[in-house]
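Protein chains in written order, with numbering that gives the first Met the number 0: chain L, 0 to 234; chain U, 0 to 342.
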Amino acid sequence: MTKILALDTSTDACSVAINVDGEIHEDFVVAPQDHTRRLLPMVDHLLSKSSLALRDVDAIAFTHGPGSFTGLRICVGIVQGLAFGANLPVIGVSTLEIMAMSAQRLLGLAAGTPILPVLDARMGEVYWALYRLVASESRPDCLLVDQVSPPEDLVSQFEQSNLYLVGGGCPVLDQDQMKHFGVSCQAQFYPHAYDLARLAPELLASGHTQSALDANPVYIRNEVSWEKRRRIRSQ
Amino acid sequence: MRVLGIESSCDETGVAVYDSDAGLIAHHLYSQVKLHADYGGVVPELASRDHIRKTLPMIQRVLRDSGSEPADIDGVAFTLGPGLVGALMVGSCIGRSLAYAWGVPAVGVHHMEGHLLAPMLEENPPSFPFVALLVSGGHTQLMRVDGIGQYELLGESLDDAAGEAFDKAAKMLDLDYPGGPQIAKLASRGTERFKFPRPMTDRPGLDFSFSGLKTYTLNTIAEHAGPDGLPDDQTMADIAYAFQDAVVDTLLIKCRRAVEQTGLKALIMAGGVSANQSLREKLQKVMAKKGVQVYYPRPEFCVDNGAMIAFAGCQRLLAGQTEDLGISVKARWPLTSLPALAG
Ligand SMILES: Nc1ncnc2c1ncn2[C@@H]1O[C@H](COP(=O)(O)OP(=O)(O)OP(=O)(O)O)[C@@H](O)[C@H]1O
Ligand SMILES: [Mg+2]
Chain L
0 MTKILALDTS
10 TDACSVAINV
20 DGEIHEDFVV
30 APQDHTRRLL
40 PMVDHLLSKS
50 SLALRDVDAI
60 AFTHGPGSFT
70 GLRICVGIVQ
80 GLAFGANLPV
90 IGVSTLEIMA
100 MSAQRLLGLA
110 AGTPILPVLD
120 ARMGEVYWAL
130 YRLVASESRP
140 DCLLVDQVSP
150 PEDLVSQFEQ
160 SNLYLVGGGC
170 PVLDQDQMKH
180 FGVSCQAQFY
190 PHAYDLARLA
200 PELLASGHTQ
210 SALDANPVYI
220 RNEVSWEKRR
230 RIRSQ
Chain U
0 MRVLGIESSC
10 DETGVAVYDS
20 DAGLIAHHLY
30 SQVKLHADYG
40 GVVPELASRD
50 HIRKTLPMIQ
60 RVLRDSGSEP
70 ADIDGVAFTL
80 GPGLVGALMV
90 GSCIGRSLAY
100 AWGVPAVGVH
110 HMEGHLLAPM
120 LEENPPSFPF
130 VALLVSGGHT
140 QLMRVDGIGQ
150 YELLGESLDD
160 AAGEAFDKAA
170 KMLDLDYPGG
180 PQIAKLASRG
190 TERFKFPRPM
200 TDRPGLDFSF
210 SGLKTYTLNT
220 IAEHAGPDGL
230 PDDQTMADIA
240 YAFQDAVVDT
250 LLIKCRRAVE
260 QTGLKALIMA
270 GGVSANQSLR
280 EKLQKVMAKK
290 GVQVYYPRPE
300 FCVDNGAMIA
310 FAGCQRLLAG
320 QTEDLGISVK
330 ARWPLTSLPA
340 LAG
């Protein structure tokens, strides 16, 4: 029996899921700016609905990013506390990969579909990655890894092609850039902890776990430039 | 009761274990000062990123140092506000979820109540009631304190906080952040050459204003500036001296008024600026003359730290106060809005 607790707060959505031997329950809300108030009560509610105590769980999975910096830290902070306190391993997964899996399940996309999850990275840029969906129970193939770029650089990576775009980064692309991909996008699309809970047993079995102490956000954007102070005399 | 305390409201990560019987048994502080130095002030995103990396390993270390097993911890306290939202969220999320996992109560602590109660971590702690001078990077307040949560605001700064004034003056003098210790160091080589104004001391009341001192400092620097825009080294030291003297003197005048007005015989001082040696010495002297006992924390507990949060949290947990599972950090949070503890 594998039991997984899965958490995501990397976008405006906030979701928690529990997978008990393939049976998955999820709590999902879109609650911008309200993640700290929602997340732990949702965890508690879902555990008690499943008649589980936290220490009955085998591992805690979380989306490590990319996403809202604050959202990522809320999730990682809660996961660190839960996992350290209950002595559980953690499993960090790309937000974009979970979006690809959520899209496959919720939009009924066929195996073989190339999918491009995009998130608004602010400063006129997007986080994105390219996945190809495989059989619905398995991990999608990652064709291009998580990265951040201006939309024009994203567009220039592809010949005109039928990619499926999902996620809050869609509005960052202008109409011409959208047309380039030849499909309409799903901007109101969020990652779901359900799919994280679906993926996690495979990662747990293959040893893709970390200690709570090593759980950290993967921001992708690390070179945020702040203006440095100019000094007059060297000290 | 044994409490784990977590502080992450600004640019310091502090973790401590306080025991209501054994006292403070372990504490550790990590300062991000070096991280922010290049920017001349705290960069919130960098602060949050550092807190999320440092907090949990520090918790592990402090638990080990305190000889505590998780089962020995009876509650978790974390700073809920006021402070930088992103930074507060890190300590609050970790602290709240850790308490949940351990099955113990948690409490969100007011950062300034932490500062205010910090003198009680020392030997010979003050007893209520007393006057409190809170002087930190974000606050300059005089309070009448009749018990935990029984705070009456007597006066406060109408503009910059004293610590903020130190930091801004330091920047004008081309000194590193945080400016308080730098100004103090430079002032120790200074002489009584300039006399800066003592803002708002010529009228009754217990409010402060430090922004005028900023302008005065800037003008004095400009008057004596050399080709690079700064005065010579001795003049710089003299300005630092005059600035510190003006702040210290202003604080002293208002403290004297506060004890006269309240008739109380004890005064505590807390917050980063209370680490200032000149302020400590002069306050001691002035208050001794009035028969008022002065209390302050050891210098390392004047600035932000986990010990004060563990202590304040322990008092509130002992009184049965707890925090829900939902977390709402507070960027602003008046100290006077806290509930009083019975007893
Ligand atoms: N020796 C000193 N003399 C004067 N000021 C000092 C000294 N040491 C520290 N400070 C000042 O104390 C402040 C930091 O104190 P503290 O950490 O309590 O403030 P904060 O946490 O930033 O603000 P707050 O507690 O109001 O939220 C800085 O402004 C610093 O310049
Ligand atoms: Mg402080």
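Note that the Cβ used here is the ideal one computed from N, Cα and C, for glycine as well.
Identity of the residues DSSP links to residue i by a beta bridge
| i | result |
| --- | --- |
| U/Ser156 | U/Phe207 |
| U/Glu299 | Note: U/Glu299 sits in no beta bridge, so no partner. |
| U/Thr321 | For U/Thr321, which the question treats as bridged, DSSP gives no partner whatsoever. |
| L/Gly64 | L/Ser93 |
| U/Gly80 | U/His109 |
| U/Val134 | U/Thr139 |
| U/Thr12 | U/Tyr29 |
| L/Lys2 | L/Val19 |
| U/Glu6 | U/Gly13 |
| U/Ala269 | U/Leu133 |
| U/Leu23 | U/Tyr17 |
Residue i versus residue j: straight-line alpha-carbon distance, rounded
| i | j | result |
| --- | --- | --- |
| L/Ala204 | U/Val84 | 38 Å |
| L/Leu53 | L/Ser101 | 25 Å |
| U/Met199 | U/Gly211 | 10 Å |
| L/Met0 | U/Ala100 | 21 Å |
| U/Lys344 | U/Lys194 | Outside the displayed range of chain U (0 to 342) lies residue 344 of chain U, so it cannot be described from this structure. |
| U/Gly225 | U/Leu334 | 45 Å |
| U/Gly113 | U/Ile308 | 5 Å |
| U/Lys125 | U/Leu278 | Sequence check: residue 125 of chain U is Pro here, not Lys. Those two C-alpha atoms are separated by around 19 Å. |
| U/Lys170 | U/Asp232 | 15 Å |
| U/Glu44 | U/Asp303 | 19 Å |
| U/His110 | U/Leu116 | 10 Å |
| L/Tyr218 | L/Trp127 | 12 Å |
| L/Ala30 | U/Met0 | 37 Å |
| U/Gly136 | U/Val41 | 11 Å |
| U/Phe165 | U/Leu172 | 10 Å |
| U/Glu68 | U/Val103 | 13 Å |
| L/Gln187 | U/Asp49 | 32 Å |
| U/Ala168 | U/Val134 | 16 Å |
| L/Leu51 | L/Ile3 | 11 Å |
| L/Arg197 | U/Lys184 | 59 Å |
| U/Leu251 | U/Ile51 | 39 Å |
| U/Gly154 | U/Arg202 | 13 Å |
| U/Pro298 | U/Ala274 | 5 Å |
| L/Ala120 | U/Ser47 | 18 Å |
Short CB-CB distance (under 8 Å) between residue i and chain L
| i | result |
| --- | --- |
| U/Asp227 | yes |
| U/Trp332 | no |
| U/Ser91 | yes |
| U/Arg367 | One cannot answer for residue 367 of chain U here, as it falls past the ends of chain U, which runs 0 to 342. |
| U/Leu3 | no |
| U/Ala100 | yes |
| U/Pro69 | yes |
| U/Leu55 | yes |
| U/Ile220 | no |
| U/Ser273 | no |
| U/Asp206 | no |
| U/Ile326 | yes |
| U/Arg188 | no |
Anticipated Cβ contact below 8 Å, residue i with residue j, distance rounded
| i | j | result |
| --- | --- | --- |
| U/Tyr17 | U/Val2 | 5 Å |
| U/Lys264 | U/Phe207 | Incorrect: roughly 23 Å between the Cβ atoms, too far for contact. |
| L/Ala192 | L/Val15 | 5 Å |
| U/Val106 | U/Ala76 | 5 Å |
| U/Val14 | U/Ile58 | 5 Å |
| L/Thr112 | L/Tyr163 | 6 Å |
| U/Arg95 | L/Gly80 | 7 Å |
Residue i at chain U interface by Cβ criterion, 8 Å
| i | result |
| --- | --- |
| L/Thr62 | no |
| L/Pro139 | no |
| L/Phe83 | yes |
| L/Val165 | no |
| L/Phe27 | no |
| L/Asp20 | no |
| L/Thr69 | yes |
| L/Gly123 | no |
| L/Gln209 | no |
| L/Asp43 | yes |
| L/Pro88 | no |
| L/Arg37 | yes |
| L/Arg220 | no |
Give every residue whose Cβ lies closer than 5 Å to any heavy atom of ligand 2, listed in chain order. U/Ser135 and U/Asp303
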